[in-house]
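The working numbering numbers the first residue of the sequence shown as 123 and each following residue consecutively. Just so you know, even glycine gets a beta-carbon here, dropped at the ideal spot from N, CA and C. Report on the structure given below.
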Amino acid sequence: MARKAARKNPRRSDAGADTGTASAAEIARFTALADEWWDADGKFRPLHAINPTRIAFVRDRVAGRLGRDPLGQDPLGGLDVLDIGCGGGLLSEPMCRLGARVTGIDAGQENVRAATAHARQVGLDIEYRCVLPEALAREGRSFDVVLNMEVVEHVPDVGAFLAACCRLVKPGGVMVAATLNRTLKALALAKFGAEYVLGWLPRGTHDWRRFVRPSELAKALHRHGVEVVELEGMTYSPLSGAWSLGGDLDVNYLVFAVKEE
Numbered sequence: 123m124a125r126k127a128a129r130k131n132p133r134r135s136d137a138g139a140d141t142g143t144a145s146a147a148e149i150a151r152f153t154a155l156a157d158e159w160w161d162a163d164g165k166f167r168p169l170h171a172i173n174p175t176r177i178a179f180v181r182d183r184v185a186g187r188l189g190r191d192p193l194g195q196d197p198l199g200g201l202d203v204l205d206i207g208c209g210g211g212l213l214s215e216p217m218c219r220l221g222a223r224v225t226g227i228d229a230g231q232e233n234v235r236a237a238t239a240h241a242r243q244v245g246l247d248i249e250y251r252c253v254l255p256e257a258l259a260r261e262g263r264s265f266d267v268v269l270n271m272e273v274v275e276h277v278p279d280v281g282a283f284l285a286a287c288c289r290l291v292k293p294g295g296v297m298v299a300a301t302l303n304r305t306l307k308a309l310a311l312a313k314f315g316a317e318y319v320l321g322w323l324p325r326g327t328h329d330w331r332r333f334v335r336p337s338e339l340a341k342a343l344h345r346h347g348v349e350v351v352e353l354e355g356m357t358y359s360p361l362s363g364a365w366s367l368g369g370d371l372d373v374n375y376l377v378f379a380v381k382e383e
């Protein structure tokens with residue numbers, strides 16, 4: 123179901139982004155690893171492992187809301203999708219292949235460079251920009267679907283960040299978010315377990331104090347006319363090595379939210 127590229131070279135603009143709602147330390151942390159985004163066995167291995175579950179959740183919920191067959195051809199066809207904190211494009215590219223017109227933004231110029239190069243290599247037409255959501259909102263841009271995946275836990279001011287993100291959702295559009303719950307279980311598994319015991323992530327990747335409870339996220343979105351309609355947990359099975367959806371929200375969780383028309 124690969125989307126035919128309108129042109130071979132992905133679009134890229136902006137020389138850089140000020141720190142705004144982003145953290146300079148977090149930008150530096152992830153841009154230092156920019157050349158490893160597409161190494162499925164490298165530093166971003168956990169994202170590669172979790173990606174099929176994230177992609178299916180976005181595809182199924184968005185297509186279902188529109189009355190489309192999620193397994194049909196181009197289930198996201200005709201939709202404008204924004205991938206906030208796109209990194210190297212691990213979600214942007216699948217969204218493009220599902221038929222969407224994709225814009226990926228990231229606060230790190232080196233991440234945008236890596237995403238642009240990979241999209242060019244595989245012939246996908248994706249607009250990548252080094253810009254923050256508040257700057258994009260000031261341009262008057264808006265999207266049918268805004269993806270906010272594994273970003274919330276890395277920003278210093280969640281309220282200001284989500285306010286900017288909500289402005290980017292069209293009336294009647296949706297936001298899909300994924301983040302980590304601020305629980306002792308998440309501290310044990312997502313912080314100490316993943317970083318210090320299993321070595322899945324570089325040490326210091328997460329600050330548990332920045333994890334966001336589902337109720338806090340829902341309240342912040344509600345302030346800006348975006349209502350959570352579904353919460354799903356994501357859990358890892360050490361036996362199968364696979365991620366799956368379920369009712370356990372204690373560590374990783376996904377949010378599907380709709381903006382009032």
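Its chain contains 221 as the residues whose beta carbon lies nearer than 6 Å to that of residue 196, once the 5 sequence neighbours on both sides are disregarded; these appear in chain order. In the DSSP assignment, residue 251 falls within the unbroken beta strand (DSSP E) covering 249 to 251. Under the criterion of beta carbons closer than 8 Å, residue 185 and residue 296 do not qualify as touching, at roughly 11 Å.
Its chain contains no residue whose beta carbon lies nearer than 8 Å to that of residue 337 once the 5 sequence neighbours on both sides are disregarded. For a cut-off of 8 Å, the C-beta gap from residue 203 to residue 266 is around 7 Å, short enough to register as a contact.
Sequence-distant partners of residue 216 (beyond 5 residues in either direction) whose C-beta falls short of 6 Å from its own C-beta, in its chain, are 177. Here DSSP, grouped into helix, strand and coil, assigns residue 303 to coil. For residue 364, the uninterrupted beta strand (DSSP E) segment begins and ends at 364 to 368. Here residue 240 is near residue 160, since their CB atoms are less than 8 Å apart. Ranked by Cα distance from residue 255, the options 233, 289 and 278 are led by 289. Considering only 173, 301, 198 and 166, the residue with the shortest C-alpha distance to residue 183 is 198.
Residue state for residue 229 is assigned as coil, using DSSP reduced to three classes. Between residue 273 and the set 343, 300 and 281, the nearest pair of CA atoms involves 300. Using a Cβ distance threshold of 8 Å, residue 349 and residue 376 do not count as a contacting pair.
Proximity to residue 268 across 257, 356, 225 and 369 peaks at 225, based on C-alpha coordinates.
DSSP lists 227 and 270 as the bridge partner or partners of residue 206. Collapsing the DSSP output to three states places residue 333 in coil.
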